[in-house]
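Below you'll find the structure, written out as structure tokens, and then a few comments.
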Amino acid sequence: MLQDRIKELKKEIIEFGVLVEDMIDKSIAGLLDRKEPPLAEVIEILEPATNDRELKIDDLCTTTIAQYEPRARDLRIVLMIYKMNNDLERMGDHVANIAESGLFLISRPPVKPLMDIPRMAEETIRSLKNAVSSFIDENAALAQEVCERDYIIDALHDQIFRELVTFMSSDPTTIERSLHLIRISNNLERIADLSTNICEDVIFMVEGRVIKHHLEERQRERSTAMNKIKVLFVCLHNSARSQMAEGFLNNIAGDRFQAESAGMEPGVLNPLAVEAMKEVGIDISQNTTKSVFEKYRNDELFSYVVTVCAEAEACPIFPGLRMETLHWHFEDPGTFTGTHEEKMAKIRNVRDAIKEKVAGFVEKVKQGIEPREN
7 MLQDRIKELK
17 KEIIEFGVLV
27 EDMIDKSIAG
37 LLDRKEPPLA
47 EVIEILEPAT
57 NDRELKIDDL
67 CTTTIAQYEP
77 RARDLRIVLM
87 IYKMNNDLER
97 MGDHVANIAE
107 SGLFLISRPP
117 VKPLMDIPRM
127 AEETIRSLKN
137 AVSSFIDENA
147 ALAQEVCERD
157 YIIDALHDQI
167 FRELVTFMSS
177 DPTTIERSLH
187 LIRISNNLER
197 IADLSTNICE
207 DVIFMVEGRV
217 IKHHLEERQR
227 ERSTAMNKIK
237 VLFVCLHNSA
247 RSQMAEGFLN
257 NIAGDRFQAE
267 SAGMEPGVLN
277 PLAVEAMKEV
287 GIDISQNTTK
297 SVFEKYRNDE
307 LFSYVVTVCA
317 EAEACPIFPG
327 LRMETLHWHF
337 EDPGTFTGTH
347 EEKMAKIRNV
357 RDAIKEKVAG
367 FVEKVKQGIE
377 PREN
């Protein structure tokens, strides 16, 4: 009886894997053919089906443990199916994100011919298929192969990102479309990571050998400050205004907020900003300038994104991320002219205005008032 139930559970997991593979196929086909129906099917029909299937398998695992009290190897198999079930449902969520971005892109002119994304999707499907097979067949060698081939997907992801950053830098009108393409690449990489995670568990189940859980480490890194409100300040070069705003927020309310900053085109830290902040006891001299696109590429999540320059309209929209976007406008210290003292006088005005704005933002959030731009 127990072995029959385990066979049933394995059959359910195989079918779940095939469902996710079909979702990836349909999403990429809809994107390449620029057709809405397959993309809509993924979002409206197939993704909800993954939720239903997860609940069904979850219930089967729970009742199997309660009814049959499996031990040793059988218990490990049931628990492995329970975990894979959750991973496959998460993959379904990632594919739905791909389909959402596909719907956005097919109604707009292409940024470029799509070559690397289809290749990445093929490798991702291969990883998923082999991950499920390695578990069903208890094939540690196949699981190891999936882990070792993960670098191919990572390399394609890096290549897609670098190429699209070039497009965005040379033509700002492509930014939103390019970010959706990066979002697709991000989600394919996440699916491949989950497949690799399954394979790492298969290797442990079969051989008792632990290998690096890179996905779990990455997730822990992302949630280091999950108890804080994350805020990203953005300006053109990340050289002065966004750096000062980051410094003030971490200084004023670092116990509750985690501030970071980035730029559209990272430049060099402005020495005037360093000097002005030092006058008020905040040292930003060791800060480096960072790219806002790297933040997006790394799938970093923020509760608020605040642009602090007149170039706010050039700052990207982050598709798929739930966040509030605020625009605070301050004069660019990079344009200041005159003697050193004259430029310092001007940047002190900007510094003090930023401090006032940050303090007001903190108070509103603490009081539960939704921050506004003015």
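In this note's numbering, the protein residues as written are 7 to 380. We put the CB at the ideal spot given by N, CA and C, even for glycine.
Could you give the distance in angstroms between the alpha-carbon of residue i and the alpha-carbon of residue j?
| i | j | result |
| --- | --- | --- |
| Asn276 | Glu50 | 49 angstroms |
| Glu106 | Asp39 | 15 angstroms |
| Leu200 | Leu120 | 24 angstroms |
| Thr341 | Leu242 | 13 angstroms |
| Glu306 | Glu195 | 14 angstroms |
| Arg215 | Val208 | 9 angstroms |
| Pro76 | Gln9 | 10 angstroms |
| Thr345 | Gly108 | 52 angstroms |
| Arg315 | Trp334 | The sequence shown places Cys at residue 315, rather than the Arg named in the question. Roughly 7 angstroms between the two C-alpha positions. |
| Val101 | Leu332 | 30 angstroms |
| Thr294 | Leu148 | 43 angstroms |
| Ile34 | Val152 | 22 angstroms |
| Gly366 | Gln373 | 11 angstroms |
| Asn103 | Ile190 | 7 angstroms |
| Leu15 | Ile142 | 10 angstroms |
Indicate the three-state DSSP secondary structure (helix, strand or coil) for residue i in the structure shown.
| i | result |
| --- | --- |
| Leu66 | helix |
| Gly214 | coil |
| Gly273 | coil |
| Ala268 | strand |
| Val240 | strand |
| Met283 | helix |
| Asp207 | helix |
| Asn145 | coil |
| Met126 | helix |
| Ile159 | helix |
| Val138 | helix |
| Ala35 | helix |
| Pro116 | coil |
| Lys372 | helix |
| Ser184 | helix |
| Gln292 | coil |
| Glu195 | helix |
Please report the Cβ distance between residue i and residue j, rounded to the nearest whole angstrom; I am assuming they are in contact, meaning their Cβ atoms lie under 8 angstroms.
| i | j | result |
| --- | --- | --- |
| Leu162 | Met126 | 4 angstroms |
| Gly269 | Ser297 | 7 angstroms |
| Glu47 | Glu95 | With a Cβ gap of about 18 angstroms, Glu47 and Glu95 do not count as contacting. |
| Ser184 | Val240 | Their Cβ separation, rounded to whole angstroms, is 16 angstroms, which puts Ser184 and Val240 out of contact at 8 angstroms. |
| Leu255 | Val237 | 6 angstroms |
| Lys135 | Glu21 | Rounded, the Cβ-Cβ distance is 13 angstroms, inconsistent with contact. |
| Ile430 | Tyr302 | Residue 430 is absent from the structure shown; the chain starts at 7 and stops at 380. |
Looking only at DSSP bridge pairs, what is residue i linked to?
| i | result |
| --- | --- |
| His333 | Thr313 |
| Phe263 | Ile235 |
| Ser297 | Gly269 |
Nearest to residue i by CA position, among the options, is which residue?
| i | options | result |
| --- | --- | --- |
| Glu348 | Val311, Ala365, Leu278 | Leu278 |
| Asn193 | Asp338, Lys372, Asn304 | Asn304 |
| Lys41 | Asn244, Ser113, Pro124 | Ser113 |
| Leu45 | Arg11, Arg155, Leu111 | Leu111 |
| Val274 | Phe263, Glu14, Ser248 | Ser248 |
| Arg79 | Glu144, Arg354, Ser309, Val368 | Glu144 |
| Phe336 | Ala55, Lys135, Ala359 | Ala359 |
| Arg357 | Asn57, Asp160, Gly253 | Gly253 |
| Gln264 | Glu285, Val364, Asp64, Thr179 | Val364 |
| Asp261 | Arg82, Asn233, Glu271 | Asn233 |
| Pro272 | Val368, Arg354, Ser175 | Ser175 |
| Ile288 | Ser309, Val311, Asn257 | Asn257 |
| Tyr88 | Lys284, Leu52, Ile63, Asn203 | Ile63 |
Does residue i have its Cβ less than 8 angstroms from a Cβ in chain B?
| i | result |
| --- | --- |
| Gln165 | No chain B appears in this structure, which consists of one protein chain only. |
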